[in-house]
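Residues in the sequence shown are numbered consecutively from 25, following the working numbering.
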Amino acid sequence: MIIVSDLEQAMTALATASFCNRPVTLRSPESTSAAIGPAIFAETIKLALANHPKGFAGAVFDCGSQTGLAIAAIRNGHCDIIIDMERGTSEKIKKLAKACNITAVDKAALNDLTSAVLDLKRATNVSLIVKDFLENTHL
């Protein structure tokens, strides 16, 4: 899983994943998901995917603890979501997501399932960092 902040990072990550024959899941950064919004993230992924479909394994929008953001992401419907909410709210969001064919994953469960996450937040040479990550990580 690779956390991308913009279209350039998403395109470079998918191009590198395609080159390495290692499709990756792209994830929004929790810290800026509210500012980006699910529609902009979905459009970013769509544009990157159009250029490098072989490098794409999926997309996940990180809603953090924001219920309204999770509902907006489900309504948008273009990618799965990560949530970090109290149990009752989490179960309601998961039920709504499932009804819309979206997978909602608790952040704690995701941390248990996904051992390797690369955050490109401060990356300067994205292709080199992604290539190194893919070559040295078992996804």
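Note that the Cβ used here is the ideal one computed from N, Cα and C, for glycine as well.
Exercise for the section: Return helix, strand or coil for D143, following the three-state DSSP convention. Expected result: In this structure, D143 counts as strand in the three-state DSSP scheme.
Exercise for the section: Within its chain, find whatever has a CB closer than 8 angstroms to the CB of F157; leave out the 5 residues flanking it on each side and keep chain order. Expected result: So the qualifying residues of the chain are I26, A140, L142.
Exercise for the section: Locate the alpha helix (DSSP H) running through C156, then write down its first and last residues. Expected result: As written in the sequence, residue 156 is Asp, which differs from the Cys given in the question. First-last of the alpha helix (DSSP H) with D156: 150–160.
Handout entry: beta strand (DSSP E) runs contained entirely in the segment 72–132, provided each spans 3 or more residues
Key = Complete beta strand (DSSP E) runs here, min 3: 80–88, 104–107, 128–130.
Handout entry: Neighbourhood of A66 by C-beta distance below 7 angstroms, restricted to the same chain and skipping five residues each side
Key = Once the five neighbours on either side are set aside, the close Cβ partners of A66 are N100, H102, C103.
Handout entry: Straight-line Cα distance separating A94 from S29
Key = Put simply, the backbone Cα of S29 is about 18 angstroms away from that of A94.
Exercise for the section: Alpha carbon to alpha carbon, how far is A133 from I107? Give it in angstroms, no decimals. Expected result: C-alpha separation (whole angstroms): 10 angstroms.
Handout entry: Opposing strand residues paired with V48 [DSSP bridges]
Key = DSSP lists F80 as the bridge partner or partners of V48.
Practice task
Would you mind giving the Cβ-Cβ distance between L88 and S57, rounded to the nearest angstrom? I have them listed as a contact below 8 angstroms.
Solution key: For the sequence presented, residue 88 should be read as Gly rather than Leu. Indeed they touch by this definition, with Cβ atoms about 7 angstroms apart.
Problem - Span of the alpha helix (DSSP H) around S29 - result: Per DSSP, S29 is not a residue of any alpha helix (DSSP H), being assigned neither H nor E.
Practice task
Within its chain, find whatever has a CB closer than 8 angstroms to the CB of N75; leave out the 5 residues flanking it on each side and keep chain order.
Solution key: Cβ-Cβ distances below 8 angstroms link N75 to M35, L38, A39 in the same chain, with the five nearest sequence neighbours on each side left out; the list follows chain order.
Handout entry: Backbone CA spacing between V84 and I105 [nearest angstrom]
Key = Each residue's Cα considered, the two are about 5 angstroms apart.
Problem - Own chain residues within Cβ distance below 6 angstroms of H162, not counting five before or after - result: None.
Practice task
Measuring alpha carbon to alpha carbon, tell me which of L152, K145, K78 ends up nearest R46.
Solution key: It is K78.
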